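Novice: If you scroll down you'll find the structure; I have some questions about it.
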Amino acid sequence: MVPLHPVALGLVIIALVVDGRGWDLLPDPLGWLLVLVGTRALPATLRHRSALLTSAALALVVSAVVWPPAVAEQVSATDDSVAWALSLPQLAYLALLADAARYAARQAGVPGRAAWFAVVGILAVAAAVLPVLVLGAGVDSLAGTAVLAATLSLLLLAVLALVSARAPWLGGHPRPLPGLPREGSGDGHSDGPSGPAGGPDRHSRPKSGESS
Numbered sequence: 019m020v021p022l023h024p025v026a027l028g029l030v031i032i033a034l035v036v037d038g039r040g041w042d043l044l045p046d047p048l049g050w051l052l053v054l055v056g057t058r059a060l061p062a063t064l065r066h067r068s069a070l071l072t073s074a075a076l077a078l079v080v081s082a083v084v085w086p087p088a089v090a091e092q093v094s095a096t097d098d099s100v101a102w103a104l105s106l107p108q109l110a111y112l113a114l115l116a117d118a119a120r121y122a123a124r125q126a127g128v129p130g131r132a133a134w135f136a137v138v139g140i141l142a143v144a145a146a147v148l149p150v151l152v153l154g155a156g157v158d159s160l161a162g163t164a165v166l167a168a169t170l171s172l173l174l175l176a177v178l179a180l181v182s183a184r185a186p187w188l189g190g191h192p193r194p195l196p197g198l199p200r201e202g203s204g205d206g207h208s209d210g211p212s213g214p215a216g217g218p219d220r221h222s223r224p225k226s227g228e229s230s
């Protein structure tokens, strides 16, 4: 399994909403379950791996609790700080995965991809911090910016996870080029002990006692 494939699919499910008489027909708990499965398959050496698993599990629990329409309505009717607190596990996961992927890309010598992951991390952190200014300092003009940052970080990370899924530095497996045999497969064209394609060795010397 390519670890980032279920992660990307899960993030897309989380981002989309298909309304069915108040119920989201693309339930966020399903999305977070896929994210958790993919995260568990990421390399053990990946930065923040334990924190990623914890934040994904917390986000799964939160999404399952608020998925029923009645609960979602109650959350919307309460203070905005409750909705912000419930969003923190998701934002933490986005920021942590973005930072882990940024570091892995930089170590692998892919600075362009590392820069894009850094943008996701900045957006996720901004989405987590700006509501503090909105709720605590009354800077209401930043509310829309916080929502935009949260949405962009989720969508951009889903795209980056998909296009980076086969990168070896994120546990992926590059596709073999068409027409080339896989490593270890027998194609009948390997050099044998007697020379190329099993033919006689042109540089072999006659045995002793044989006439030249």
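Numbers 19 to 230, taken from our numbering, label the letters of the sequence shown in order.
Cβ coordinates follow ideal geometry from the N, Cα and C atoms, glycine included.
Given the structure is predicted, the values throughout are model-derived calculations rather than measurements.
#1: Does the count of Cβ pairs from the region 79 to 98 and the region 111 to 118 closer than 8 Å reach three?
#2: Using the Cβ count rule (16 or more neighbours within 10 Å means buried), how would you classify Asp117?
#3: Look at Gly49 and Leu22 and say whether their C-beta atoms are less than 8 Å apart.
#4: Check Gly162 in the structure and name its three-state DSSP category.
#5: Using 10 angstroms around the beta-carbon of Ser94, count the other beta-carbons present and answer buried if the total reaches 16, otherwise exposed.
#6: Across which residues does DSSP place Trp85 in a beta bridge pair?
#7: In its own chain, which residues sit with a C-beta less than 6 Å from the C-beta of Arg65, not counting the 5 before and 5 after it?
#8: Can you tell me whether Thr57 is buried or exposed, with buried defined as 16 or more other CB within 10 angstroms of its CB?
#9: Tell me the DSSP secondary structure of Asp98 in three-state form.
#10: Just checking, does the region 68 to 80 make contact with the region 35 to 52 on the three C-beta pairs under 8 Å criterion?
Specialist: Quick look at the numbers:
#1: Cβ pair count under 8 Å is below three, so no.
#2: Asp117 comes out buried.
#3: No.
#4: Three-state result, Gly162: helix.
#5: Ser94 is exposed by the Cβ-count criterion.
#6: Note: Trp85 sits in no beta bridge, so no partner.
#7: Apart from sequence neighbours up to five positions away, the residues of its chain that approach Arg65 with a beta-carbon distance below 6 Å are Ala118 and Tyr121, ordered along the chain.
#8: Result: buried.
#9: DSSP places Asp98 within a helical segment (H, G or I) once states are collapsed to three.
#10: In the pairwise beta carbon analysis, the region 68 to 80 is classified as touching the region 35 to 52: at least three pairs are separated by under 8 Å.
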